[in-house]
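Going by the working numbering, the first residue of the first sequence is number 46, and it counts up by one from there.
Each residue gets a CB set at the ideal place from its N, CA and C atoms; glycine is no exception.
Before any comments, here is the structure.
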Amino acid sequence: MTTPFARIAELPQHVGQTVTVRGWVTHLRSSGKIAFIVLRDGTGLMQGVVVKNAVSPEAWARFGELTQEACIALTGEVKAEPRSPGGHELGVSELAIIGPSPLDYPIQPKEHGIDHLLDNRHLWLRTPRQVAIAKIRHEVEQAIHDFFYERGFLRVDTPLLTAAIGERSGLFSTEYFEEGNAYLAQTGQLYGEAAAAAFGKIYTFGPTFRAEKSKTRRHLTEFWMIEPEVAFNDSNDNMRLQEDMVSFIVERVLERRMPELTELERDVSKLRLVVPPFVRLDYTDAIALVQKKGSSAKWGDDLGAEDEALIVADYDKPVFVMNYPKEAKAFYMKENPADPRTVLCDDLLAPEGYGEMIGGSQREDDYDKLLHRIREEGLPEDAYGWYLDLRKYGTFPHAGFGLGLERTIAWICGTPHIREVIAFPRMMHRLRP
RNA sequence: UGGGGUGUAGGUCAAUUGGCAGACCGUCCGGCUGUUAACCGGAAAGUUGGUGGUUCGAGUCCACCCGCCCCAGCCA
Numbered sequence: 046m047t048t049p050f051a052r053i054a055e056l057p058q059h060v061g062q063t064v065t066v067r068g069w070v071t072h073l074r075s076s077g078k079i080a081f082i083v084l085r086d087g088t089g090l091m092q093g094v095v096v097k098n099a100v101s102p103e104a105w106a107r108f109g110e111l112t113q114e115a116c117i118a119l120t121g122e123v124k125a126e127p128r129s130p131g132g133h134e135l136g137v138s139e140l141a142i143i144g145p146s147p148l149d150y151p152i153q154p155k156e157h158g159i160d161h162l163l164d165n166r167h168l169w170l171r172t173p174r175q176v177a178i179a180k181i182r183h184e185v186e187q188a189i190h191d192f193f194y195e196r197g198f199l200r201v202d203t204p205l206l207t208a209a210i211g212e213r214s215g216l217f218s219t220e221y222f223e224e225g226n227a228y229l230a231q232t233g234q235l236y237g238e239a240a241a242a243a244f245g246k247i248y249t250f251g252p253t254f255r256a257e258k259s260k261t262r263r264h265l266t267e268f269w270m271i272e273p274e275v276a277f278n279d280s281n282d283n284m285r286l287q288e289d290m291v292s293f294i295v296e297r298v299l300e301r302r303m304p305e306l307t308e309l310e311r312d313v314s315k316l317r318l319v320v321p322p323f324v325r326l327d328y329t330d331a332i333a334l335v336q337k338k339g340s341s342a343k344w345g346d347d348l349g350a351e352d353e354a355l356i357v358a359d360y361d362k363p364v365f366v367m368n369y370p371k372e373a374k375a376f377y378m379k380e381n382p383a384d385p386r387t388v389l390c391d392d393l394l395a396p397e398g399y400g401e402m403i404g405g406s407q408r409e410d411d412y413d414k415l416l417h418r419i420r421e422e423g424l425p426e427d428a429y430g431w432y433l434d435l436r437k438y439g440t441f442p443h444a445g446f447g448l449g450l451e452r453t454i455a456w457i458c459g460t461p462h463i464r465e466v467i468a469f470p471r472m473m474h475r476l477r478p
C-alpha cells in the first residue's frame, strides 16, 4: 500500500488524509513514549508526532536513530494543529530513513560566529533566516524582469570574458588561448550601449567581477548587476526610471514576501515610504550639506561613506546625488552643458546606511569629446574602437545605470552585511564553499 | 593597503590580571505520553592559532608569523 506524497505547504489541502512527507529533521524532542519531529522540506515546517503504542516497534526504534538533518519520510494522518510549527502536524504511522546524518552537524539553533557560518555556508543555507533571504532575492529578481518586460525592454546577455575595458578598478585575469589575457567583466554597460542602438530599450542581468581589495559590509568580488540602457533618455529620464524601478521592487516584495520580511524582523514601515519621486540633490548642494554637518569634504572630492551617511540621514527614502565633477567619475559620462566641470550622472544612495545602490549617467555621445576623454584617462584607444563606432555611425543621446543587486536586497532585508544575500558569497578571503 | 580588535572543548564564551583550564548549548547514557531553542539526573570532550622568548611558573607578558572580524579607501 502506498500513500500519496505531499509537500508541507500543501498540507492544508490534505487534512484528514494519510500522506507521506519527505524532508530533513530540524529538531527532535522526546518524552519517553511520545516524540516530536520537526521536519523541513523547503516549502515549510511541520511537526510529526510519534506515539510509541501507535507505531511498529521497528518504526519506534528508527526514531531513536534520528539525528538533526537526517533525511526522512514520515507517513501519517494530517491534522490542523496550532501548536505545530507551520500549523499542521502528522500523526505518524510509519517512519523511514532516506539519508542518515552523523552527529557532527556543525550548525545549531544557537548563535554562531560569522567565520564558522561562512565555512559552512552550504549547510547554513538550510536555516529559516537564510531561506527567507533567498526567497526575497528571488522575488527581487523576478520583479526586475517583470518591470522591464512590462515596459518593452529587451534583455541582452553581455559577455563575462572580455578584453580590458570597463571601470578603472581591479580586474581578474585568465589565460585566453592565443589572445593573451582575458578579463572577467566588471560591467556589461558598454555592450549594453551597443545593444541600445539596435533594440532601443535594453537591460542586462548578470554577474560582474571586481578584484578590489575591499573588505566592507557593502563589497563582494563577485556581485550581480542590472544595467538598463535606453536610447533617447536623458539624465532626468534616467533618474525617473531608477526611482520607478526601485519603488516597483520594494512594493512587490512588500506585497508578496511579508512572511519572509517578518522572519527577518524587518521594520517594513520604512519600506512603505519608498514611492516616487525621490529627492534629487545636486552634487554642489550635497557638498555644502555635508560641510555644514562637519565633513571635511570639499568640491571636487568624491563623497565618502561618512558623507553619504550624513546626506541620507535627512531623508526616509533613497536620495539621488547628481552631476559630480568630471574627475570623480568615469570617462564615458556626458559633459554637463550647464557646468562643464561636471558630468550628467547620478548616484542613488540607499537609506539606513546601505550606501550606493545605483550609479547611472547620460553617456557621452559626441565622438570627439569621448575620444578626448579616452586619451585623457590614458586608456588603450584601440580597445575602444568599436565603442567609438557607436558615436560614429548614427550617434544618439542615451542613458543608463547599474543597480547592485546585493546592495538592494541587503537594504530591503535589513541585513547588516551583503554577504548574507547571495548563496555563495565571493570576497577577498572567501573562495569556498 | 592602512587603523582598531580578536583567536581557549564541536559551537558561544569565562578564567579573580603571571599561580590546579571552566560554564552553557550540542553530543553520549538514563528518566518522562503534548513538546515548542522542552525538562530532570549523570558522563565524555582541550597541544588555549603557530614558532620562539622572559619567568620557579605563561591562556595571560614580549617578538615574529597565520587566521578572522570591524572601520576607511575603491566602487555597485
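query: With DSSP as the reference, identify every bridge partner of His-72, one or two as the case may be.; result: Val-83
query: Grab me the residues of Leu-393's own chain with a C-beta within less than 6 angstroms of its C-beta, minus the 5 sequence neighbours each way, in chain order.; result: Gln-287, Pro-363, Phe-365, Met-402 and Ile-403
query: If you measure between the beta carbons of Thr-112 and Leu-148, is that distance less than 8 angstroms?; result: yes
query: Is Ile-152 helix, strand or coil when you go by DSSP?; result: coil
query: Check each candidate in Gln-153, Phe-108, Leu-162 and Leu-355 and name the one with the smallest Cα separation from Asp-330.; result: Leu-355
query: Starting from Tyr-228, follow its DSSP beta bridges and name the residues at the other end.; result: Thr-207 and Ser-218
query: If you draw a straight line from the C-alpha of Gly-398 to the C-alpha of Glu-353, how long is it?; result: 8 angstroms
query: On a Cα-Cα basis, can you pick out the residue from Gly-197, Glu-220, Ser-314 and Leu-334 that is closest to Ala-241?; result: Gly-197
query: Could you tell me which of Val-64, Asp-86, His-190 and Ala-99 sits nearest to Ile-79, measuring between CA atoms?; result: Ala-99
query: Helix or strand or just coil, what does DSSP make of Arg-475?; result: strand
query: Using beta-carbon positions only, say whether Met-473 and Lys-258 come within less than 8 angstroms of one another.; result: yes
query: Could you check the C-alpha separation between Ala-106 and Glu-156 for me, to the nearest Å?; result: 32 angstroms
query: Could you tell me whether the stretch 427-438 touches the stretch 256-274, where touching means 3 or more Cβ pairs closer than 8 angstroms?; result: no
query: Taking the continuous beta strand (DSSP E) assigned at Pro-273, which residues delimit it?; result: 267-276
query: Measure the beta-carbon distance from Ile-181 to Trp-169 and round it to whole angstroms, keeping in mind my assumption that it falls under 8 angstroms.; result: At roughly 16 angstroms, the Cβ-Cβ gap does not stay under 8 angstroms, so Ile-181 and Trp-169 are not in contact.
query: For Gly-233 and Tyr-221, what's the separation of their Cα atoms in angstroms?; result: 19 angstroms
query: Pairing CB atoms from the stretch 117-131 with CB atoms from the stretch 57-74, are three or more of them under 8 angstroms?; result: yes
query: Looking only at its own chain, which residues have a Cβ that is under 8 angstroms from the Cβ of Leu-416, when we skip the five neighbours before and after it?; result: Glu-426 and Leu-433
query: My output table needs one value for Asp-411: the three-state DSSP class, helix, strand or coil.; result: coil
query: Using beta-carbon positions only, say whether Tyr-360 and Val-324 come within less than 8 angstroms of one another.; result: yes
query: Please report how far the alpha carbon of Gly-345 lies from the alpha carbon of Tyr-194, in whole angstroms.; result: 39 angstroms
query: By Cβ distance below 6 angstroms, which residues in the same chain neighbour Leu-199 in space, the five residues on each side in sequence not counted?; result: Phe-244 and Ile-247
query: List the endpoints of the continuous alpha helix (DSSP H) containing Thr-120.; result: Premise fails: Thr-120 lies in the beta strand (DSSP E), 116-125, not in any alpha helix (DSSP H).
query: With Phe-36 and Phe-277 assumed to form a contact (beta carbons below 8 angstroms), what rounded beta-carbon distance in angstroms separates them?; result: Here the chain covers residues 46 to 478 and nothing more, so residue 36 does not appear.
query: Could you pull the start and end residues of the beta strand (DSSP E) that Met-91 belongs to?; result: 90-96
query: Could you check the C-alpha separation between Arg-464 and Arg-477 for me, to the nearest Å?; result: 13 angstroms
query: Per DSSP, what are the beta-bridge partners of Lys-246 in this structure?; result: Val-275
query: So for Thr-47, helix, strand or coil by DSSP?; result: coil
query: Have a look at Ile-457, Glu-134 and Gly-109 and flag the residue whose alpha-carbon is nearest the alpha-carbon of Val-94.; result: Glu-134
query: Hey, which unbroken runs of the beta strand (DSSP E) at 3 residues or more fall wholly within the stretch 348-415?; result: 364-367, 390-395 and 400-407
query: According to DSSP, is Ser-138 helix, strand or coil?; result: strand
query: What's the C-alpha gap between Asn-381 and Tyr-236?; result: 23 angstroms
query: Mark Trp-274 as exposed unless 16 or more other C-beta atoms lie within 10 angstroms of its C-beta, in which case mark it buried.; result: First, the amino acid is wrong: residue 274 is Glu here, not Trp. The residue is buried, with at least 16 neighbouring Cβ atoms inside 10 Å.
query: From the DSSP output, read off the bridge partner residues of Thr-261.; result: In DSSP, Thr-261 forms no bridge with anything.
query: Grab the span of the beta strand (DSSP E) containing Arg-325 for me, first residue to last.; result: 324-327
query: For the putative contact between Arg-408 and Met-367, defined by C-beta atoms under 8 angstroms, what is the C-beta separation to the nearest angstrom?; result: About 15 angstroms separates the two Cβ atoms, so there is no contact after all.
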